[in-house]
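Structure first, commentary second.
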Amino acid sequence: MALLRIRTYPDRVLREKSGDISNITGDLQRLMDDMVETMYAAPGVGLAAPQVGVSKNLLVIDVNSREEKQKYPLITLVNPVIVAAEGISEEEEGCLSLPDFKSVVERASKVFVKGFDREGKPVEIEAGGLLAIALQHEIDHLRGKLILDKASPLKRSLYKKRIFKKGRTE
Ligand code: NI
């Protein structure tokens, strides 16, 4: 296994819309395992493929370090889709692609997600709490969306200023 480089804002790959995976190959499973290792090393509770430069509908999540007794310890999800959502939750979120940025984000408090696991078997996940938030956050990444977009214009421009001062370009 190998640690992958986590892409950070304003890397353009974070803005691309990911494509569905039609075939689970050995290479793809290696990517999944590397993403898991990279997530744990960061450390983070979730990672989406675009964050390691791959525009594919794939994510990994493990919220166990933050919330114990989860029904789903480690989730590897291919082509995830939110099929139902309910309630409202507002929690502060961070993102491995947005160093030093935190923002309160409004999300559904419960989600029902369908997708496929590491072996290509269909899975259904009913989630609340941090897992529900993590699923919505990572699925946003697959659509090219970041929590930065959900922050207030003031907060957004302050963060951009800080990032561009460091000499990066969009
Ligand atoms: Ni993120």
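Going by this note's numbering, the sequence shown opens with residue 34, and the numbers climb by one from there.
In this text, a Cβ means the ideal position worked out from N, Cα and C, and glycines have one as well.
- With a 10 Å radius around the Cβ and a threshold of 16 neighbouring Cβ atoms, Met34 comes out exposed.
- Taking 8 Å as the cut-off, the Cβ atoms of Val69 and Leu164 do not count as close.
- Each of Gly127, Leu168, Glu49 was checked against the Cα of Val116, and the nearest Cα belongs to Leu168.
- Between Ser122 and Leu47, the beta carbon gap of about 24 Å keeps them out of contact (Cβ cut-off 8 Å).
- Here the stretch 102–112 lies against the stretch 138–154, with 3 or more beta-carbon pairs under 8 Å apart.
- Not one heavy atom of the ligand NI falls within 7 Å of the beta-carbon of Ser136.
- Taking the Cα of Tyr192 as reference, the smallest distance to any Cα among Leu175, Asp173, Lys135, Gly86 is reached at Lys135.
- Proximity of the beta carbon of Leu129 to the ligand NI is indicated: a heavy atom of the ligand is located closer than 7 Å.
- Per DSSP, reduced to three states, the secondary structure at Ala81 is strand.
- The shortest CA-to-CA distance from Val87 to any of Arg40, Ala141, Asp173, Lys178 is the one to Arg40.
- For Ser142, the closest C-alpha among the options Pro132, Lys154, Glu126, Glu119 is that of Glu119.
- Secondary structure in the stretch 63–138: the beta strand (DSSP E) runs of 3 residues or longer, each lying completely within the stretch, are 79–81, 91–94, 108–119, 122–127 in chain order.
- Nearest to Val137 by alpha-carbon distance, out of Val85, Ile166, Leu107, is Ile166.
- For Gly177 and Pro155, the gap between their C-alpha atoms comes out near 24 Å.
- The continuous stretches of beta strand (DSSP E) do not include Lys198, which lies in the alpha helix (DSSP H) extending over residues 186–198.
- Within the DSSP bridge table, the entry for Gly161 names Lys143 as partners.
- About 6 Å separates the CB atoms of Ala74 and Leu36; that is less than 8 Å, so the two are in contact.
- In summary, Asn56 is exposed, with fewer than 16 beta-carbon neighbours lying within 10 Å of its beta-carbon over all protein chains present.
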